[in-house]
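Final position of the sequence shown in the working numbering is 354; the numbers increase by one with none missing. Report on the structure given below.
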Amino acid sequence: MRVGVLGATGAVGSTILEVLAERGFPADEVVAFASERSAGTEVGFAGSTLRCRALDGGSIAGLDLVLASAGGAVSADWAPRFVDAGAVVVDNTSYWRMHDDVPLVVAEVNPGALDEHRGIVANPNCSTMQMTVALAPIHRAAGIERIVVSTYQPVSGTGRRAMEELRAQAHAMLHEADPPAAEVYPHRIAFNVIPQVETFRGGDDYTTEERKMMAETRKILGVAEDEIRVSATCVRVPVLMGESESVNVRTRRELDPKECRELLAAAPGVTVVDSPSVGIYPLASDAAGRDDVLVGRIRRDPSDERSLNLWVVADNLRKGAATNAVQVAELLVERDLVRPAAGAFVSS
Ligand SMILES: NC(=O)c1ccc[n+]([C@@H]2O[C@H](COP(=O)([O-])OP(=O)(O)OC[C@H]3O[C@@H](n4cnc5c(N)ncnc54)[C@H](OP(=O)(O)O)[C@@H]3O)[C@@H](O)[C@H]2O)c1
């Protein structure tokens with residue numbers, strides 16, 4: 007099987023290469039793609055290197071599976087071309103996620119949705135991904151009615167340039183120099199907290215990231231808008247790796263914290279880390295490099311007997327992106343779903 011990794015020089019793409027190698031993905035050949043700027047650049051893979059190629063009609067031929075993370079505009083244009091050329095695309099960008107013919111899949115939550123794929127499968131946004139891994143078992147057991155979530159998102163969620171921006175600003179400030187001006191973010195991120203992740207499109211009160219969390223959560227859990235109400239506030243914090251979320255969840259039947267802990271302890275992909283009186287709870291620094299979703303601070307909401315509060319943490323580049331993409335690819339292989347589909351996708 008020939009596997010393409012599009013965006014191979016990026017934060018997500020380089021992690022996809024790492025995870026493919028770690029999990030021994032059954033690829034006969036891995037082909038790395040990046041922009042024309044990086045054509046010829048070497049990226050690490052399985053103790054060796056791959057030379058990046060630029061995208062063109064010739065270079066995309068003959069691939070069976072493509073894991074894409076080169077931004078929405080690139081996926082809008084190139085995912086249908088990969089499908090036309092005979093590949094199945096697992097896309098990490100936001101472009102195809104809400105498309106009717108594209109399943110949006112979290113490996114532990116709705117793997118059955120893969121059966122319906124027509125060439126493109128979407129990987130959810132990292133914030134939605136970790137939240138649904140933690141909430142799906144609760145939804146199955148007690149029915150979720152409402153979710154109120156606030157995120158604490160690391161700069162690696164914006165890619166390599168954002169990580170450099172935080173490092174450069176923090177370094178300058180620790181040396182009592184003026185920090186370099188913000189370029190990636192609308193304000194200085196070092197020693198600051200920014201209540202804006204992505205943009206306020208068309209004068210909306212909510213950012214595009216917040217809208218994604220609300221819509222993608224319902225698509226993954228397979229519910230209508232009035233079945234689960236979701237309210238999200240997405241915040242950028244000066245952390246390099248690991249996303250944290252404060253989640254308030256109201257269930258249809260009362261679920262006590264002990265039962266919730268037991269449910270989550272038995273759930274795939276979740277690790278309960280919850281001994282707060284001795285300082286044990288999920289930390290972004292502990293999640294970095296792991297593939298599971300850590301859940302702790304599980305407690306009853308004192309203002310509502312049917313609501314619980316949780317603290318949910320995961321590595322945004324691994325479970326939030328690369329690991330799920332590779333798990334989806336593994337499921338496609340296991341179920342014999344890596345096969346050419348009709349390339350009827352048209353980007354809007
Ligand atoms: N970071 C996260 O936690 C996360 C999580 C989930 C989803 N995502 C999504 O994944 C995508 C990539 O994110 P990232 O954080 O990895 O960004 P990044 O570090 O900035 O990497 C972007 C990658 O895309 C490539 N690229 C850019 N323009 C291209 C073009 N015209 N043709 C081909 N390749 C091109 C870049 O290649 P060059 O090096 O040649 O420029 C680089 O390999 C985004 O859509 C993002 O929303 C990110």
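Ideal placement from N, C-alpha and C gives every residue a C-beta, glycine not left out.
Contact annotation: residue 110 and residue 226 have beta-carbon atoms nearer than 8 Å.
One Cα belongs to residue 150, the other to residue 330, and the distance between them is close to 23 Å.
The closest CA to that of residue 189, considering only 182, 161, 210, 72, is found on 161.
With at least 16 other beta carbons inside 10 angstroms of its own, residue 66 counts as buried. Within the region 8 to 85, the complete alpha helix (DSSP H) runs of at least 4 residues fall at 17 to 28.
Contact check for residue 131 against residue 96 fails: the beta carbons are separated by 8 Å or more.
At least one heavy atom of ligand 1 lies less than 7 Å from the C-beta of residue 77. Taking a C-beta distance under 8 Å as the contact criterion, residue 91 and residue 81 do not qualify as a contact pair.
CA-CA distance, residue 332 to residue 311, rounds to 39 Å. With 16 or more other Cβ atoms inside 10 Å of its own Cβ, residue 86 counts as buried. Spatial neighbours of residue 58 in its own chain (CB-CB distance under 8 Å, excluding positions within 5 residues in sequence) are listed in chain order as 14, 15, 38, 39, 40, 44, 45, 46, 47, 48, 49. Under the three-state reduction of DSSP, residue 234 is assigned to coil, being neither helix nor strand.
The beta carbons of residue 326 and residue 298 sit no closer together than 8 Å. For residue 213, the CB contacts under 7 Å within the same chain, skipping 5 residues up- and downstream, are 202, 203, 204, 205, 206, 240 in chain order. At least one heavy atom of ligand 1 lies closer than 7 Å to the C-beta of residue 61. Looking only at 141, 127, 156, the smallest Cα-Cα distance to residue 102 is reached by 127. By the C-beta density criterion, residue 163 is buried, having at least 16 other C-beta atoms within 10 angstroms. Rounded to whole angstroms, the gap between the alpha carbons of residue 172 and residue 199 is 12 Å. In the structure shown, residue 208 adopts helical secondary structure according to DSSP, grouped into three states.
Beta-bridge partners of residue 128 (DSSP): 97, 110. Put simply, of 76, 99, 68 the residue whose alpha carbon is nearest the alpha carbon of residue 88 is 68. Between residue 266 and residue 245, the alpha-carbon positions lie close to 29 Å from each other. Not one heavy atom of ligand 1 sits closer than 7 Å to the Cβ of residue 313.
For residue 306, the enclosing beta strand (DSSP E) begins and ends at 299 to 306. Judged by their CB atoms, residue 142 and residue 115 are nearer to each other than the 8 Å cut-off.
DSSP places residue 162 within a helical segment (H, G or I) once states are collapsed to three.
Fewer than three Cβ pairs drawn from the region 174 to 189 and the region 286 to 306 lie within less than 8 Å of each other, which leaves the two stretches out of contact. Around residue 20, the same chain offers 14, 49, 50 as residues with beta carbons nearer than 8 Å, after the five sequence neighbours per side are excluded. Straight-line spacing of the CA atoms in residue 259 and residue 119 works out to 27 Å. The Cβ-Cβ distance between residue 318 and residue 334 does not fall below 8 Å. The C-alpha of residue 175 is placed about 46 Å away from the C-alpha of residue 122. Each residue's CA atom was taken as its position, placing residue 306 and residue 148 some 15 Å apart.
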